[in-house]
């Protein structure tokens with residue numbers, strides 16, 4: 001993106017406040033930042049996002065990319081974020097011809113931090129086939145161990161979700177935001193802005209729930225394996241089946257539940273059952 | 001609401017799927033339903049919500065109420081939900097004069113299950129003063145114990161948030177949905193449709209995070225005490241300060257953190273410290 005005019009409007013992800021605990025004692029507690037950022041695409045107001053604010057340019061670009069409002073990174077000319085006015089100005093050489101129609105249709109999804117899908121995105125008729133990535137149980141466990149080194153904001157402040165682009169057990173990129181949607185969009189934006197190695201990702205990890213639009217966004221990124229620390233919803237499973245995603249939920253420690261695409265999961269590291277061992281539901 | 005034409009389109013909140021666990025064993029797992037429901041207000045398409053589907057009429061009415069698109073329950077004439085076409089038809093005697101302007105402005109919030117706030121809702125300049133409800137620590141603990149009997153869907157399927165309207169330690173109404181926003185809106189809708197006793201609520205509880213629009217919606221309901229099992233964000237705290245909400249986060253077991261309005265919290269049940277007892281951050 002050598003030709004793009006890009007701001008670097010970073011803000012701290014957390015701030016300290018004083019709270020009173022159950023013992024009546026005051027103490028300092030970090031909380032997650034939450035900031036409004038209104039996106040203007042070629043001077044057209046698109047939406048206002050509530051975000052942690054740690055990587056707003058990537059968030060804005062990834063949001064527009066995942067909403068289908070930006071089709072080609074080479075069209076991007078300007079991404080300027082100004083926290084003084086809580087605005088992001090994006091200039092592109094081309095707008096979708098059906099922009100107005102897309103903006104006219106809103107689907108409020110289960111997204112944390114990004115609950116709106118414009119247009120008919122959820123129909124997603126134009127997805128290219130996903131790679132039939134094989135995942136070994138031993139690699140999944142190594143990946144979960146490696147991910148433990150991330151989610152700094154969550155550990156200090158909570159109230160955020162983390163998302164990661166991974167290549168097998170290697171974590172290529174990790175983003176936290178007040179919403180898992182901002183996080184996945186920021187990852188998608190970084191792919192475009194930084195041309196990062198995360199473009200080679202074959203596994204997507206999220207601490208958040210696997211709802212319809214999360215599965216859709218990961219499928220749009222061309223990734224065939226989706227791993228979540230949390231649960232899944234009905235539509236999330238339906239889309240995983242439609243797109244052929246290997247869907248793994250409740251992945252924590254040695255536990256997980258493969259929901260779809262089990263054929264691509266190699267159980268090469270089945271844990272030994274200890275006496276009285278229970279499988280977490 | 002004797003004069004309102006109201007459907008009762010209930011659907012099960014969970015369904016069973018077969019999953020493969022880390023031992024390579026197939027088992028049945030309940031997952032949360034997630035359904036699309038498009039709201040038409042006087043034949044005008046407003047939005048599509050993704051919801052559990054357990055109480056769609058109340059969700060739709062509460063959504064329109066909390067968005068400021070329905071000002072008076074007495075204006076409501078029809079609320080018909082048809083899952084065949086995933087649509088909710090709402091007819092009201094009066095629409096806000098600035099409807100188009102409101103619908104033109106979208107703020108995508110951190111809402112899980114309902115991430116859009118139309119218009120300038122977050123500015124909320126027209127809130128009436130909130131009651132200065134006093135909360136005793138012993139009452140909070142009793143309430144948390146009482147709440148343990150709820151969140152059935154979460155226990156079986158996860159991937160949902162619960163919200164409750166409470167009067168002191170009594171749980172008046174409890175709703176779960178794939179998003180905490182659907183849950184709080186459904187509670188607001190039930191107040192209108194059922195004229196339920198939950199109108200007397202003085203405490204709001206949620207399993208979800210206290211972000212800006214959650215604090216705003218509870219303040220709109222005229223409730224001065226907000227308790228969450230989860231964390232808070234910066235804007236959630238800012239709004240609590242602006243509206244004078246007693247804000248309590250991380251309320252679980254005997255732990256909690258009072259974030260704002262501590263003056264209305266009576267510490268009448270301070271736990272005994274056990275040796276090595278730690279206060280959870």
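Residue numbers (the UniProt record's numbering), protein chains in the order written: chain A, 1 to 281; chain B, 1 to 281.
Every residue gets a Cβ at the ideal spot worked out from N, C-alpha and C, and that includes glycine.
Here the structure is a predicted model, which means the values were calculated and not measured.
So, helix, strand or coil for residue i, using DSSP?
i	result
residue 86(B)	coil
residue 99(B)	helix
residue 9(A)	coil
residue 183(A)	helix
residue 50(A)	strand
residue 215(B)	helix
residue 129(A)	coil
residue 282(A)	In the structure as shown, chain A starts at 1 and stops at 281, and residue 282(A) therefore has no counterpart that could be examined.
residue 263(A)	helix
residue 45(A)	strand
residue 162(B)	strand
residue 201(A)	coil
residue 91(B)	strand
residue 134(B)	coil
Can you tell me the Cα-Cα spacing of residue i and residue j, whole angstroms?
i	j	result
residue 163(B)	residue 195(A)	42 Å
residue 132(A)	residue 239(A)	16 Å
residue 46(B)	residue 182(B)	15 Å
residue 49(A)	residue 191(B)	30 Å
residue 244(B)	residue 177(B)	27 Å
residue 102(A)	residue 151(A)	34 Å
residue 180(B)	residue 52(B)	11 Å
residue 265(B)	residue 14(A)	26 Å
residue 144(A)	residue 139(B)	40 Å
residue 366(B)	residue 66(B)	Given a span of 1 to 281 for chain B in the structure shown, any question on residue 366(B) remains unanswerable.
residue 91(A)	residue 71(A)	13 Å
residue 267(B)	residue 214(A)	42 Å
residue 216(A)	residue 80(A)	28 Å
residue 38(A)	residue 60(A)	9 Å
residue 219(A)	residue 234(A)	17 Å
residue 168(A)	residue 203(A)	6 Å
residue 4(B)	residue 64(B)	16 Å
residue 120(B)	residue 69(B)	Here residue 120(B) scores only 48 on pLDDT, less than 50, and its place in the model should not be relied on; the value that follows carries that caveat. Spanning the two alpha carbons is a distance of roughly 12 Å.
residue 89(A)	residue 74(A)	17 Å
residue 187(A)	residue 22(B)	29 Å
residue 141(B)	residue 55(A)	40 Å
residue 83(A)	residue 9(A)	7 Å
residue 156(B)	residue 44(A)	45 Å
residue 57(B)	residue 174(B)	16 Å
residue 29(A)	residue 17(A)	5 Å
residue 248(A)	residue 27(B)	14 Å
residue 85(A)	residue 185(A)	22 Å
Output the boundary residues of the beta strand (DSSP E) element that contains residue i.
i	result
residue 243(B)	Segment 234 to 243 is the alpha helix (DSSP H) holding residue 243(B); no beta strand (DSSP E) there.
residue 170(A)	170 to 177
residue 16(B)	14 to 21
residue 74(B)	That residue, residue 74(B), is in no beta strand (DSSP E); it is neither H nor E in DSSP.
residue 272(B)	Element bounds for residue 272(B): n/a, residue is neither H nor E.
residue 67(B)	First-last for residue 67(B): undefined, no H or E at that position.
residue 247(B)	246 to 252
residue 209(B)	No beta strand (DSSP E) contains residue 209(B), which DSSP labels as neither H nor E.
residue 195(B)	Here residue 195(B) belongs to no beta strand (DSSP E), and DSSP marks it neither H nor E.
residue 31(B)	26 to 32
Which chain A residues are close to residue i, counting only those with a beta carbon under 8 Å from its beta carbon?
i	result
residue 271(B)	22, 23
residue 237(B)	17, 31
Going along chain B in order, which residues have a C-beta closer than 7 Å to the C-beta of residue i?
i	result
residue 254(A)	22
residue 15(A)	234
residue 262(A)	20
residue 267(A)	24
Taking the alpha helix (DSSP H) that residue i belongs to, which residues open and close that run?
i	result
residue 225(A)	That residue, residue 225(A), is in no alpha helix (DSSP H); its beta strand (DSSP E) goes 225 to 228.
residue 140(B)	137 to 147
Listing by chain order, which chain A residues have their CB less than 9 Å from the CB of residue i?
i	result
residue 212(B)	34, 36, 50
residue 257(B)	19, 20, 21, 22, 27, 29
Given the structure, does residue i come close to the ligand FAD, in the sense that its CB is under 7 Å from one of the ligand's heavy atoms?
i	result
residue 90(B)	What this structure holds is no ligand at all, so the ligand FAD is not there to describe.
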